[in-house]
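S.K.:
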Amino acid sequence: MSYPATIEPIKQYLLQNGVSESPEAAVILGSGLGGFSSSIKNYTAIPYNSIPGFPETSVQGHSGELIFGEVADKPILAFSGRFHHYEGHPFERTVLPVHLAKAFDVEKLIISNAAGAINTRFKVGDLMVIDDVFRPFYSVASTSSPRFKYNLYKIADDVRKIGASIGLDLQRGTYLFANGPNYETKAEIRAFRVLGADVVGMSTAPELIEASRLNLKAAAISMVTNMAAGVVKGKLDHSEVKIAAETRKEDFARLVTELVKKL
Ligand code: HPA
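For the sequence shown, the working numbering assigns the number 20 to the initial residue and increments by one for each residue that follows.
1. How about Tyr32 and Pro66: do their beta carbons lie closer than 8 Å?
2. Beta carbon of Asn138: closer than 7 Å to some heavy atom of the ligand HPA?
3. Could you tell me the boundaries of the alpha helix (DSSP H) in which Leu96 lies?
4. Determine the DSSP secondary structure at Glu265, reduced to helix, strand or coil.
5. So, are the CB atoms of Val219 and Glu203 less than 8 Å apart?
6. Using the Cα positions of Val250 and Glu40, report the straight-line distance between them to the nearest angstrom.
7. What is the rounded straight-line gap between the Cα of Gly199 and the Cα of His104?
8. Rounded to whole angstroms, what's the CA-CA distance from Ala160 to Leu52? Just pull it up for me.
9. By how many angstroms is the C-alpha of Asn132 removed from the C-alpha of Ser50?
10. Taking the alpha carbon of Thr244 as the reference point, which residue from Gly192, Asp145, Tyr172, Arg191 has its own alpha carbon closest?
11. Check Val38 in the structure and name its three-state DSSP category.
12. Looking only at its chain, what residues have a beta carbon closer than 8 Å to the beta carbon of Val185, apart from the 5 residues adjacent to it on each side?
13. Can you tell me whether DSSP reads Tyr105 as helix, strand or coil?
14. I'd like the span of the alpha helix (DSSP H) that includes Tyr194, first residue to last.
15. Check whether the stretch 168-185 touches the stretch 82-90, counting contact only when three or more Cβ pairs, one atom from each stretch, lie closer than 8 Å.
16. Under the assumption that Glu84 contacts Ser99 (Cβ atoms under 8 Å), give the Cβ distance between them as a whole number of angstroms.
17. Using a Cβ-based criterion (distance less than 7 Å to any ligand heavy atom), does Tyr32 qualify as near the ligand HPA?
18. In angstroms, rounded to a whole number, what distance separates the CA positions of Lys205 and Met147?
19. If I measure Cβ to Cβ from Phe167 and keep anything under 6 Å in the same chain, skipping five residues before and after, which residues do I get?
20. Starting from the N-terminal side, write out each stretch of the beta strand (DSSP E) that is 3 residues or longer and does not extend beyond the stretch 101-151.
21. Is it the case that the Cβ atoms of Ala44 and Lys127 are separated by a distance below 8 Å?
22. Check this for me: beta carbons of Ile47 and Arg101, under 8 Å apart or not?
23. Identify whether Glu207 lies in helix, strand or coil by the three-state DSSP scheme.
24. With distance defined between alpha-carbon atoms, name the residue in Phe153, Ile149, Asn234 nearest to Lys173.
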């Protein structure tokens with residue numbers, strides 16, 4: 020299984036612009052989680068819009084740059100900003116960071132996202148490791164295999180242990196992929212809860228599935244930035260996502276650093 024041929028010229032461009040041949044890990048940073056970039060040392064930041072063949076991102080809270088640098092003395096590639104399906108990108112393009120991670124032959128991919136909690140035992144600021152995904156609206160055919168080849172449950176166990184080793188108590192559960200761009204309705208959230216989803220977001224599921232297809236070890240973490248529609252009173256808006264992400268910024272950075280070292 021391989022990635023599309025269009026990835027090779029992008030890799031060559033990055034190699035000529037400061038990225039070395041063998042990063043240890045790749046990290047995809049979710050909405051509001053771009054602050055992790057300040058934990059990266061000796062870095063080169065390459066704006067997405069300067070990379071030939073790269074699409075542009077248009078979401079607030081996503082700066083849109085690829086950062087190559089060191090975390091815990093290991094070279095990593097961080098994607099600050101992603102390509103969402105709701106921005107009009109076909110699924111094949113939303114998984115571009117996964118393809119690049121594979122092209123650079125990283126040992127592991129760490130995916131993060133902002134999500135709304137459906138599970139009423141969760142609270143804003145919780146970090147949840149994803150042990151399964153659910154795609155009720157995922158109707159577009161892609162090249163992805165429908166099954167996880169690797170054991171996401173086992174990876175979730177490892178991530179929780181690594182979190183516990185630095186004093187972080189991580190939730191664990193099912194991530195529901197919603198098309199967006201609008202948030203869900205209360206009725207949808209009630210239904211999703213009955214169907215077994217713990218959090219909802221608009222990314223990550225295609226990335227995890229593509230990583231699995233390519234035999235690339237991937238772990239995914241959701242930051243609960245809000246309770247999903249109807250779980251608590253009040254309106255949802257994007258500024259809430261950024262505020263919640265801000266409060267757990269340091270724990271999130273410690274966790275990702277530890278995963279780069281130990282996963
Ligand atoms: N729904 C969908 N995506 C999200 C949410 C939500 O409540 N919060 C952050 N991303």
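Here a beta-carbon is modelled for each residue, glycine too, at the ideal position from N, C-alpha and C.
M.R.: Straight from the coordinates:
1. It is not a contact, given that the beta carbons lie outside the stated cut-off.
2. The closest heavy atom of the ligand HPA lies 7 Å or more from the beta carbon of Asn138.
3. It is not in any alpha helix (DSSP H) - Leu96 instead sits in the beta strand (DSSP E) that spans 93-99.
4. Helix.
5. yes
6. 46 Å
7. Cα to Cα, Gly199 sits roughly 8 Å from His104.
8. Low confidence applies here, because Ala160 scores a pLDDT of 46, under 50, leaving its location unreliable and the question unanswered by this model.
9. Spanning the two alpha carbons is a distance of roughly 6 Å.
10. Asp145
11. coil
12. Going by the sequence as given, residue 185 is Ile instead of Val. Within the same chain, Ile185 has close Cβ partners Arg273, Leu274, Glu277.
13. helix
14. From DSSP, Tyr194 is part of no alpha helix (DSSP H) but of the beta strand (DSSP E) over 190-196.
15. no
16. 5 Å
17. no
18. 22 Å
19. Only Ser231 meet the Cβ criterion.
20. 127-136
21. yes
22. yes
23. helix
24. Ile149
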